[in-house]
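According to the working numbering, the sequence shown holds residues 121 to 292 in order. No residue lacks a Cβ here, since even glycine has one placed at the ideal position from N, Cα and C. Worksheet for the structure shown next.
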Amino acid sequence: MVKKKYLLITIIILSIFGVILFSPAIKVLSIQSRKLKPQIFYSTTAYSKGFVISYTHSVNKGRVHDFYRHTKDDKIELYKTAFVSYGAGIPEPQETPGAVFSVNDDDYEISGLNRIVPKLFMAVGTIANHTIIFDDDLSKNEVALTDFFEPQTTIIFEYKKISIIEYIIHSI
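Next comes the structure, spelled out in structure tokens:
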């Protein structure tokens with residue numbers, strides 16, 4: 121009788137431990153290869169503070185910084201962009217109601233873009249030198265996306281909840 125009681129308690133404790141480890145509980149920015157499923161990275165900082173994708177513009181060769189943040193419904197919002205000069209693909213402020221254009225010492229900035237997507241897809245460039253900052257502060261360390269993914273790899277950014285065990289295995 122005592123052995124059955126300890127066995128039952130052990131099963132209950134292990135079940136609770138399993139639920140804690142494997143239930144989606146941690147909010148993250150997930151970055152993964154579209155084709156190679158094992159290539160996944162998670163960031164909790166980018167969930168709470170946003171992230172910045174920077175790249176060299178293909179036409180004017182200047183650096184562009186696109187600022188993203190998490191929305192309440194787990195989508196990704198492009199809320200501002202900063203750049204050194206206009207080129208193809210740089211948004212015009214009048215294209216977006218509420219957008220504000222400003223001239224800074226080192227660059228131009230368009231804020232109030234409010235472009236929301238459920239997932240952000242992009243290809244890691246060979247010449248663009250794509251980098252990410254896991255925060256919305258440009259003074260933080262940039263990480264080259266080619267440190268994690270081969271050039272020309274399509275990657276997917278999305279906000280989601282994951283389990284503790286997934287986070288331990290794939291966190292940056």
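On the DSSP bridge assignment, give the partners of residue i in chain order.
i, result
"K147", "K281"
"R183", "T176"
"S205", "For S205, which the question treats as bridged, DSSP gives no partner whatsoever."
"H290", "According to DSSP, which records beta bridges pairwise, H290 is partnered with nothing at all."
"E197", "R189, I236"
"Q152", "I160, I276"
"S222", "E229"
Terminal residues of the continuous beta strand (DSSP E) containing residue i?
i, result
"L174", "With the sequence shown as reference, residue 174 is identified as Ser, and Leu is not the correct amino acid for it. Counting along the chain, the beta strand (DSSP E) containing S174 begins and ends at 171-176."
"R293", "Past the edges of the chain, shown from 121 to 292, lies residue 293, and the structure says nothing about it."
"I247", "Neither: I247 is in no beta strand (DSSP E) and is coded neither H nor E."
"S259", "Unbroken run through S259: none, as it is neither H nor E."
"T164", "No beta strand (DSSP E) holds T164; DSSP gives it neither H nor E."
"T251", "251-253"
Our contact map puts residue i next to residue j with C-beta atoms below 8 angstroms; I'd like the distance itself, whole angstroms only.
i, j, result
"A264", "T251", "5 angstroms"
"Y287", "I146", "5 angstroms"
Is the beta carbon of residue i within less than 7 angstroms of some heavy atom of the ligand NAP?
i, result
"I131", "The ligand content of the structure shown is nil, which means the ligand NAP is not present either."
Can you confirm whether the stretch 261-274 touches the stretch 187-197 when touching is taken to mean that 3 or more C-beta pairs between the two stretches lie within less than 8 angstroms? no
Check whether the stretch 158-168 and the stretch 210-222 touch, using three or more Cβ-Cβ pairs below 8 angstroms as the test. no
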